Amino acid sequence: AYPDAVSIIEVGPRDGLQNEKAKVTTAQKVNLVHQLTTAGIKRVETGSFVSPRWVPQMADSGTVFARLHRQPGVTYSALTPNLKGFEAAMEAGADEVAVFGAASETFSQKNINCSIAESLQRFEPVMEAANRANIPVRGYVSCVLGCPYEGEISPAAVAEVSHALMEMGCYEVSLGDTIGKGTPVKTAKMLDAVLHRIPVDVVAAHFHDTYGQALANLVIALRYGIRNIDSAIAGLGGCPYAKGASGNVATEDVVYMLDGMGIRTGIKLSKLLEASKTISSIIGRPPASKAAQALLAK
Ligand code: HMG
Ligand code: MG
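Just so we're aligned, residue 4 is where the sequence shown starts under UniProt numbering, counting upward by one.
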């Protein structure tokens with residue numbers, strides 16, 4: 004059976020825009036978040052507090068947070084790789100933070116400049132500070148279905164890092180198919196390993212659509228009972244470390260599919276399309292979402 008309801012975590016303003024070349028102003032980012040919450044999104048990954056030299060697109064996250072038109076019941080979260088990032092996120096008023104690790108050693112080095120084990124150590128002080136401040140922490144695992152450097156990643160490696168993040172105090176673990184290489188049976192094998200170590204309630208699926216497999220993989224995740232799905236409006240984004248990689252699965256496509264399956268999200272597709280249209284015109288290309296293309300052509 005499929006779940007009755009799914010919680011969508013909109014990651015376009017962070018995972019999407021961090022990888023877009025077009026200049027998006029602070030005001031445009033604030034407006035994007037507002038359009039998304041107007042459509043009924045309750046969880047928005049709004050920015051990240053990382054080195055601006057590594058990710059210049061997120062350098063204005065503090066100002067984005069300061070200018071948000073905050074809506075009741077909405078959680079505005081931020082990515083924080085270390086204590087410095089956590090402190091900046093707290094100053095900006097983030098409701099929730101996320102630490103990000105990987106199931107691939109090489110990816111960990113290239114993305115956050117340390118090994119998997121070191122990254123877990125660096126997250127410890129973030130966990131302690133967040134615990135004191137009563138701030139929930141989400142944990143990401145990247146490269147769960149493949150790595151741009153190492154190729155295949157073993158399901159056991161994904162399960163191990165997922166378990167470590169939970170042990171450390173994360174309330175949810177988001178499984179990232181960073182380069183979108185996964186296919187359904189592979190997804191099932193990975194989930195078999197992970198769900199052996201952590202409960203399904205705390206798992207989120209974070210799939211990229213590089214090879215057009217994200218929705219198929221999400222159906223597998225839903226079959227396993229996963230009720231948290233990360234997606235990005237208009238399929239924004241890409242991956243700087245993987246040539247040809249496209250963005251996260253588009254929120255419009257996920258909501259269209261879930262609507263069709265009778266799975267509640269609380270999100271209005273027609274309103275979502277407005278957000279999609281606006282941000283797509285800003286970055287100068289049509290939405291990657293097939294549902295948005297079809298509906299906007301009407
Ligand atoms: P480092 O060089 O090892 O760290 O980088 P450091 O502590 O030596 O600091 C280097 C410089 O960065 C210093 O500045 C620090 O002050 C500064 P300098 O003295 O050279 O001028 N710095 C910071 N500045 C602002 N905010 C901070 C911060 N920390 C240090 N929080 C570090 C380590 C993690 C900082 C760096 O590697 C980094 O920022 N990486 C960013 C990686 C990133 O954002 N990647 C994209 C997100 S992950 C992702 O997209 C995948 C995901 O979506 C899941 C999926 O799809 O699978 C989550
Ligand atoms: Mg991602």
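Glycine residues also receive a C-beta, built at the ideal position from the N, C-alpha and C atoms.
All values reported here derive from a predicted model rather than from experimental measurement.
Identify the residues that DSSP records as bridge partners of His211: which are they? Asn251
If you draw a straight line from the alpha carbon of Ser165 to that of Lys301, how long is it in whole angstroms? 43 Å
Nearest neighbour of Asp204, chosen from Ala224, Lys192 and Thr186 [CA to CA]: Ala224
Is the segment 260–269 close to the segment 281–292, with three or more CB pairs under 8 Å? no
Assumed close pair residue 2, Ala235 - CB separation to whole angstroms, cut-off 8 Å: Here the chain comprises residues numbered 4 to 301, so residue 2 is not present and cannot be evaluated.
Nonlocal neighbours in the same chain, by C-beta distance under 6 Å from Ala106, ignoring five residues either side: Val144, Cys146, Val147, Ile156, Ala160, Val161 and Val164
What residue ranges within the segment 119–189 form continuous alpha helix (DSSP H) runs of no fewer than 4 residues, ordered along the chain? 119–136 and 158–171
CA nearest to the CA of Leu20, picked from Ile11, Asp63 and Asp7: Asp63
Going by CA-CA distance only, name the one from Ala101, Glu121 and Val252 that's closest to Asn134. Ala101
For a test of the three-state rule: what should DSSP assign to Tyr259, helix, strand or coil? helix
Figure out for me which residue from Asp98, Val67 and Asn114 has the closest Cα to the Cα of Pro84. Asn114
Going by CA-CA distance only, name the one from Ile232, Pro290 and Gly96 that's closest to Asp180. Ile232
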